[in-house]
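2 protein chains.
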Amino acid sequence: MIKQLDQLLDLAKTGQPQRIALAAAADDDALSALDRAVGLGIAEGILVGDPSEIGKIAQKIGIDLKKYTVCPAENDSRAALEAVGLVSSGKADLVMKGRLSTSILLKAVLDKRVGLRTEHTLSHVAIAELKGTERLLFITDAAMNIEPTLAQRASIIRNAATIARCLGIEKPRVALLTASDKILEKDLRTSEAAVLSKEGERGQLGEIFIDGPMTLASALSPEAASLNGLKGEVAGQADVLMVSHIEAGNVLYKGMVYFAGALVAGILAGAKAPVILTSRADSDESKLYSIALGAAVASKSCAKR
Amino acid sequence: MIKQLDQLLDLAKTGQPQRIALAAAADDDALSALDRAVGLGIAEGILVGDPSEIGKIAQKIGIDLKKYTVCPAENDSRAALEAVGLVSSGKADLVMKGRLSTSILLKAVLDKRVGLRTEHTLSHVAIAELKGTERLLFITDAAMNIEPTLAQRASIIRNAATIARCLGIEKPRVALLTASDKILEKDLRTSEAAVLSKEGERGQLGEIFIDGPMTLASALSPEAASLNGLKGEVAGQADVLMVSHIEAGNVLYKGMVYFAGALVAGILAGAKAPVILTSRADSDESKLYSIALGAAVASKSCAKR
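These protein sequences, in sequence, are chains A and B.
Using the numbering used here, the first residue of the first sequence is number 91, and each one after it goes up by one.
Using the numbering used here, the first residue of the second sequence is number 91, and each one after it goes up by one.
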């Protein structure tokens, strides 16, 4: 079981280097992160975009383009469709966002002809490593679904559990976070958590432990869980923290980074292959870990469900 | 301007000791926190509840009841009404929760005859002190309003600003947190933040700086704010973090405590006097700071608005 994010690098190295199609590749940040992954033997790179722009950036940041395949595309939409198409036609294993807007990349991922759409909801899975803690914490969804329906949440839970299993957590402990440990008539989210919790107990969400509604304290602290009267396999030892609304997910995820200096990695799950969406605000380490996470998940049979 | 929570003790000491009515006072935790405040000259205590139970607890934790007035009440509802009534009749300055459920105390606070109701919305204001930061962070609402309307949010903002002013922040910087720095058609909260933001700019929310929608990163980090293209008086230097939903507030507040070891204090604002609602999960320091916060606010003309 992986307990630190740098172990993602080892995990990704155990498989074949994964072929990553970088959409709109003329991006300093994404290209240098990809180059580090290539240097570590985790990835091979296919750079999709304007060849002359890519050449300029490569020269500027000192990257040898001989290691890469360059695949021309005239604009962002074409670059996104090309990159995604490389994955769906088996010429690449993964797609990664370069210098283009997330919405353009997602449109290509969801494209009915060349896209990577499945019956699952696409969702963001973040993983945080906190100093002094013994395990990684999964957070979902901090970046993709604004206020998912119950059916979408079931899919989001499965996505997170799939990633957790790829990292060696065979039966992930999923906490459905709310502002109360009790079901409150006035707070619909607490009832919805109860529904999902029971759905999980009935085996409808795959091999997981699940419980909720549950506050953050009860999810993570055995003392708080006991004080609040919560028992079972999840309280006090959750692996996956699932929120009901993106605002809570975002605050939780970014709070860990800003208040506690957490290291993080994240990918989009639920498509035929993981989608790597690093952003400029991420640290260099975070970007590399996200690539390693994507590569590890893409190379493994654990990703099947 | 107060920059650390222990300065609340000094601030509270500058005024007269505040008379605190402890509702259902037979509670180890609340009583010992109150006794510390009494010892520091911040408070005087009126213990409302079953005298024999109060006597037993006082003996158990070694508190001298001669320092206190004991006011008998036969059950929790009566204790709550009595304690609140002492404040509304001018015999006490503040009410504090003892061993009774929050809903019973709130029912008394909102009681039309003896209660402390104003035209304002009652809201929770939490203050966090994080290691290595230069200022206190106000979080609202992490505990009281589940999903407030725009009108309620306006009141919640005013409540938080009032408390911030009592602590010497003359024109508090209020960030309306969302999961995006942009207004997204799909995420109504971002539009609502824009509305409140403009309302604040028009001077409708009192003496504050306000801006939103804004992510946590943009609210707190000048670098992130600049990277995300945010300017103005709030981005990167927010004093008050306001969320749209209690789940986000709770995760933010508890996350600071659990992930970053933040010290916290909190009170309910918006009533005629602050309401002190400590909970068992709070540390002893946190309980004392909450009492000091309530006392400082109650004693000051800053609380007028």
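Idealized CB from N, CA, C, for every residue including glycine.
Just so it is clear, the structure is predicted and the values come from calculations on it, not from any experiment.
Chain A within 8 Å of residue i, Cβ atoms only
{"i": "LEU121 of chain B", "result": "no"}
{"i": "ALA386 of chain B", "result": "no"}
Interface residues of chain B facing residue i [CB-CB closer than 8 Å]
{"i": "TYR348 of chain A", "result": "LEU306, ALA307, LEU310 and SER311"}
Residue i at chain B interface by Cβ criterion, 8 Å
{"i": "LEU267 of chain A", "result": "yes"}
Rounded Cβ spacing between residue i and residue j (contact assumed at less than 8 Å)
{"i": "VAL204 of chain A", "j": "SER245 of chain A", "result": "So it is not a contact: roughly 22 Å between Cβ atoms."}
{"i": "ASN235 of chain B", "j": "THR211 of chain B", "result": "7 Å"}
{"i": "PHE299 of chain B", "j": "VAL324 of chain B", "result": "5 Å"}
{"i": "MET332 of chain B", "j": "VAL264 of chain B", "result": "6 Å"}
Per-residue burial, residue i [other beta carbons within 10 Å of its own, 16 or more giving buried]
{"i": "GLY129 of chain A", "result": "exposed"}
{"i": "ILE381 of chain A", "result": "buried"}
{"i": "SER191 of chain B", "result": "exposed"}
{"i": "ALA312 of chain B", "result": "Just to set this straight, residue 312 of chain B is Pro in the shown sequence, not Ala. When all chains shown are included, PRO312 of chain B counts as exposed."}
{"i": "ASN165 of chain B", "result": "exposed"}
{"i": "GLN108 of chain B", "result": "buried"}
{"i": "GLY339 of chain B", "result": "buried"}
{"i": "ASP329 of chain B", "result": "buried"}
{"i": "SER316 of chain B", "result": "exposed"}
{"i": "MET304 of chain B", "result": "buried"}
{"i": "ALA218 of chain B", "result": "buried"}
{"i": "SER373 of chain B", "result": "exposed"}
{"i": "ARG200 of chain B", "result": "With the sequence shown as reference, residue 200 of chain B is identified as Leu, and Arg is not the correct amino acid for it. Result: exposed."}
{"i": "LYS202 of chain B", "result": "exposed"}
{"i": "THR280 of chain B", "result": "buried"}
{"i": "GLU337 of chain A", "result": "buried"}
{"i": "ILE151 of chain A", "result": "exposed"}
{"i": "SER142 of chain B", "result": "exposed"}
{"i": "ASP100 of chain A", "result": "exposed"}
{"i": "SER308 of chain A", "result": "buried"}
{"i": "THR208 of chain A", "result": "exposed"}
{"i": "THR268 of chain A", "result": "buried"}
{"i": "ASP301 of chain B", "result": "buried"}
{"i": "ALA182 of chain B", "result": "buried"}
Chain B contact residues for residue i, given Cβ-Cβ distances below 9 Å
{"i": "GLY345 of chain A", "result": "LEU306, VAL341, LEU342, GLY345, MET346, PHE349 and ALA350"}
8 Å Cβ cut-off: residues of chain A touching residue i
{"i": "ARG370 of chain B", "result": "LEU317"}
(message) To be precise: take each residue of the stretch 227-241 of chain B, compare its Cβ to all Cβ atoms of chain A, and keep it if any distance is under 9 Å. Which residues remain?
(response) ALA232, ALA233, ILE236 and GLU237
(message) What are the residues in the stretch 310-341 of chain B lying within 9 Å of chain A by C-beta distance?
(response) LEU310, SER311, GLU313, ALA314, LEU317, ASN318, LEU331, VAL333, SER334, HIS335, ILE336, GLU337, ALA338, GLY339, ASN340 and VAL341
(message) At a CB distance below 7 Å, what residues from the stretch 210-226 of chain A approach chain B? Give them in sequence order.
(response) LEU220
(message) Closer than 7 Å between beta carbons: that is the criterion. Which residues of the stretch 266-287 of chain B meet it against chain A?
(response) LEU267, THR268, ALA269, LYS276, ASP277 and ARG279
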